[in-house]
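Residue numbering for the sequence shown is 1 to 213, as defined by full-length UniProt numbering.
Have a look at the structure below, then the notes.
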Amino acid sequence: MSTPYSLVQHPLVAAKLTQLRDATTSPKDFRQLVKELTTIIGLEATRTLALKDVPGLQSPIAPFTGQAIAHRIGISPILRAGIGMAEPMLDLFPSASVFYLGLFREKVSLQPVEYYQKLPAVPTVDTLYILDPLVATGGTAIAAVSMLLDWGLKIENIKLLVLLGSKPGLEKVAAECPGLEIFVGGVDEQLTEQGMIVPGLGDSGDRQFPDGM
């Protein structure tokens with residue numbers, strides 16, 4: 001049975017996600033694992049990017065026509081947990097535009113609250129990757145997509161990269177944002193009444209930045 005999201009199935013993803021879940025993993029190691037997992041998932045999510053020819057180049061041996069990414073790339077890390085995913089995506093796309101989206105989940109209602117965004121007047125990218133380590137209830141991801149659609153992007157221009165998601169949360173995002181491509185490293189079946197993924201990995205922001213960044 002097909003799913004409304006792409007599960008990145010790779011032995012390295014499974015092994016690194018196990019380390020990420022482990023409560024004894026240090027903040028330093030947790031941040032490194034976030035980077036490594038983002039790189040793997042990012043490579044999968046960018047597999048279908050269009051290329052354009054770059055003529056008139058010269059190798060040490062002979063002239064050649066090379067290739068470059070045809071699209072203008074943007075990334076939108078959801079603050080604060082998504083910050084750790086920004087660097088590895090910028091390693092892949094050094095010229096990418098970065099648009100931080102400030103969203104947090106209110107603890108009682110579990111609804112997303114927007115507190116920061118500085119998007120330009122009109123879109124300046126062709127393809128944009130939302131970076132969010134966790135999709136639990138799905139509300140924050142849906143709010144982020146809505147912000148970008150209001151900005152002027154089309155749903156086919158937006159992709160969501162997730163390290164770990166809950167099945168109900170991912171299905172909710174897919175239902176609320178039809179046509180959105182979602183790439184996820186792991187999927188857990190359950191949520192607690194407080195909206196935490198089970199077994200999950202805890203609060204990814206707190207685990208990356210325990211000193212309160």
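Backbone N, C-alpha and C fix where the C-beta goes; we use that ideal spot for every residue, glycine too.
### Task
State the start and end residues of the unbroken alpha helix (DSSP H) segment that holds residue 206.
Boundaries of the alpha helix (DSSP H) harbouring residue 206: 204-208, taken from the DSSP string.
### Same chain only: Cβ atoms within 7 Å of residue 7, ignoring 5 sequence neighbours per side
Counting only residues of its own chain and dropping the five nearest sequence neighbours on each side, residue 7 has a CB closer than 7 Å to the CB of 184 and 187.
### Query
Quick one, which of 205, 155, 136 and 181 has its alpha-carbon nearest residue 192's?
When 205, 155, 136 and 181 are compared, the shortest CA-CA separation from residue 192 is found for 136.
### Task
Say whether the segment 115-127 touches the segment 145-164, bearing in mind that this needs 3 or more beta-carbon pairs closer than 8 Å, one atom from each stretch.
Touching, per the Cβ criterion.
### Query
Are residue 85 and residue 160 touching if we call contact CB-CB under 9 Å?
If you check the CB distance, residue 85 and residue 160 do not come in under 9 Å.
### Message
Suppose only complete runs of 4+ residues qualify. What are the alpha helix (DSSP H) ranges in the segment 95-164, listed by chain order?
### Response
Considered as a whole, the segment 95-164 harbours 139-151 as its complete alpha helix (DSSP H) runs of no fewer than 4 residues, in chain order.
### Query
Of the choices 206, 19, 97 and 203, whose alpha-carbon is the least far from that of residue 74?
For the residues 206, 19, 97 and 203, the minimum Cα distance to residue 74 belongs to 97.
### Message
Please give me, in chain order, every unbroken run of the alpha helix (DSSP H) with length at least 4 that falls completely inside the segment 14-78.
### Response
Qualifying alpha helix (DSSP H) stretches, in chain order: 27-45.
### Task
Look at residue 175 and residue 63 and say whether their C-beta atoms are less than 9 Å apart.
Contact check for residue 175 against residue 63 fails: the beta carbons are separated by 9 Å or more.
#### Entry: Residue burial classification, residue 103 (beta-carbon count within 10 angstroms, cutoff 16)
Buried, by the Cβ-count rule.
### Assigned exposure category for residue 16 - 16 Cβ within 10 Å defines buried
Result: buried.
### Message
Quick test of the definition: if touching needs 3 or more C-beta pairs under 8 Å, does the segment 29-37 touch the segment 77-91?
### Response
Yes: the two stretches touch, three or more of their Cβ pairs being nearer than 8 Å.
### Task
Determine the extent of the alpha helix (DSSP H) in which residue 173 is found, giving its start and end residues.
Start and end: 167-176.
### Query
Helix or strand or just coil, what does DSSP make of residue 193?
Coil at residue 193, not helix or strand.
### Query
With burial defined as no fewer than 16 other Cβ atoms inside 10 Å of the residue's Cβ, what is the status of residue 224: buried or exposed?
The requested residue 224 is not part of the displayed model; the chain covers only 1 to 213.
### Message
Here's the rule: buried if 16 or more other CB atoms are within 10 angstroms of the residue's CB, otherwise exposed. What is residue 18?
### Response
Looking at its Cβ environment, which holds fewer than 16 other Cβ atoms inside 10 Å, residue 18 is exposed.
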